[in-house]
Ligand SMILES: Cc1ncc(COP(=O)(O)O)c(C=O)c1O
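Numbering (this note's numbering), first residue to last: -8 to 435.
The structure is reproduced here in structure tokens:
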């Protein structure tokens, strides 16, 4: 696997550096040219392999080139299946909806209409906003500080990252940001929002909705508790606003259940999904909308690529794969491996380092370290053959987000590389703590 064909000519990065826009970013952090990928491994054109803790920013939960999913896609292609269908009825789309209903929604008792916006996450967020504003007849929407919801103007207004907002060139409005509970431990954010919405002198316009990530991915792996989610559900009912759950990064099993909010036993009014929904990195997004809020008239939301049939084929196969391989329970089990591993090893390196996560979505917080520490860690990891990303304020959180199908040994190998790099970075003169055998044993 992954060995370069000796007849291949190595590509130079000049083509990108000369002709591609300056806006490109991931390639600057991992400056090689990738050619292949399999499972939890990315392979560059020279044949070098990298363990993937980035996972296409959450788009490859089922592993790169997953054989089962790819097989279904290839079969469909070879059978001259319809590839582009706008929003016309098609077999591929019908089977995807049917599978989603049968395997995911009905067993959970969820009654949602499935709305196909354009194929990216931000498209789904835009349509959720449009629906909430139409249903409630109000423009204001609440969003949590630290949240990331996309880069088109409506969703960018929700997103808090300063540089992304500054770059858009227009004022971003109709959103009120409220503190995430992780920002001020001990501060009752639910009571605060309740006060904002009850006080006729708060200056906050009554909102149509609030949008929530149950675990903030780009914001630094900030988790809201089950109790907070339940209280927020009640608050939405009290103040007549819709609860929108952004499951774009946390969905498709990432936190150990298909939807990350299931742990709180709540039912959101709208759920937006994308990323791994398309199985093997195919673009696909949906908004799940309670029937009573399915208010957009035919054509009121549109987009040419809402009907990318290969994504539907891959999406259906991905759900089948997830069910067949018990991926939700497996994610919980592997999450425990990460948790126990970090608890043991980080303590040896620096007991003040904190970490947090759910399922296979973890972050190590370097907020108390000098600026640039995490960038150094990311670079050294890459040089050692491990690809991972940073998130949070000033990129101070190192993110661990491997494909859910990662083998236990590979997971531990990646964690081992990361610990070595962290130890060498934060304590360059000191000893690198040796792994102890009981720490690297998978937790069953
Ligand atoms: C939680 C969340 N919402 C929305 C988006 C936007 O998705 P896309 O990049 O597909 O537009 C992202 C992307 O990272 C995300 O993590």
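All C-beta atoms in this analysis are idealised placements derived from N, C-alpha and C, irrespective of residue type, glycine included.
In the DSSP assignment, residue 207 is bridged to 213. The Cβ neighbour count for residue 52, taken over all protein chains shown within 10 Å, is at least 16; the residue is labelled buried. In this structure, 145 is the residue among 145, 108, 105 with its C-alpha nearest to the C-alpha of residue 124. Residue 353 is bridged by DSSP to 348, 391. Scanning 391, 418, 257, 305 for the CA closest to the CA of residue 62 turns up 305. These are the residues, in chain order, with a beta carbon less than 6 angstroms from any non-hydrogen atom of ligand 1: 48, 111, 112, 113, 116, 139, 140, 141, 204, 208, 209, 237, 239, 240, 265. DSSP places residue 295 outside any beta strand (DSSP E), giving it a letter other than H or E. A check of alpha carbon separations from residue 357 across 116, 338, 387 identifies 387 as the nearest. With contacts defined as CB atoms closer than 9 angstroms, residue 116 and residue 100 fail to qualify as a contacting pair. For the 9 angstroms CB-CB criterion, residue 362 and residue 412 do not form a contact.
Out of 181, 301, 274, 89, the CA that lies nearest to the CA of residue 70 is found in 301. The C-beta distance from residue 238 to residue 264 rounds to 5 angstroms, short enough to fall under 8 angstroms. With a cutoff of 9 angstroms on beta-carbon distance, residue 241 and residue 204 are scored as near each other. The residue from 2, 369, 299, 223 with its alpha-carbon nearest to that of residue 416 is 369. Between the stretch 43 to 51 and the stretch 378 to 395 there are three or more inter-stretch CB-CB distances shorter than 8 angstroms, so the stretches are counted as touching. In this structure, residue 151 and residue 198 do not form a Cβ contact; the two beta carbons are roughly 16 angstroms apart against a cut-off of 8 angstroms. Residue state for residue 370 is assigned as helix, using DSSP reduced to three classes. DSSP places residue 63 in the helix class (H, G or I) of the three-state scheme.
By the criterion of a C-beta distance shorter than 8 angstroms, residue 67 is surrounded in its chain by 83, 300, 301, 304, once the five residues flanking it on both sides are discounted. In the DSSP annotation of this structure, residue 408 is not part of any beta strand (DSSP E); the continuous alpha helix (DSSP H) holding it starts and ends at 399 to 417. Going by beta carbons, residue 226 and residue 188 fall inside the 9 angstroms limit.
Check the Cα spacing between residue 276 and each of 298, 195, 85: the tightest is with 298.
Just so you know, the alpha carbons of residue 35 and residue 407 end up roughly 22 angstroms apart.
Taking residue 286 as the centre and dropping the five residues before and after it, the same chain places the C-beta of 122, 125, 126 closer than 8 angstroms to its C-beta, in chain order. For residue 84, the enclosing alpha helix (DSSP H) stretches over residues 82 to 90. Of the residues assessed, residue 213 falls on the buried side of the cut-off, its CB having 16 or more other CB atoms within 10 angstroms. Residue 216 and residue 131 have their C-alpha atoms roughly 25 angstroms apart. Beyond the five residues adjoining it in sequence on each side, residue 249 comes within less than 6 angstroms, by CB distance, of 95 in the same chain, given in chain order. A buried status is given to residue 57, since no fewer than 16 other beta-carbon atoms sit within 10 Å of its beta-carbon.
About 6 angstroms separates the Cβ atoms of residue 351 and residue 325, confirming a contact at the 8 angstroms cut-off. The distance from the Cβ of residue 255 to that of residue 108 is about 26 angstroms, inconsistent with a contact at the 8 angstroms cut-off. Residue 380 holds the alpha-carbon nearest to the alpha-carbon of residue 18 among 333, 354, 380. As DSSP reads the structure, residue 299 sits in a beta bridge with 75. Scanning the stretch 244 to 329 for uninterrupted beta strand (DSSP E) segments of 3 residues or longer gives 261 to 264, 277 to 280, listed from N- to C-terminal end.
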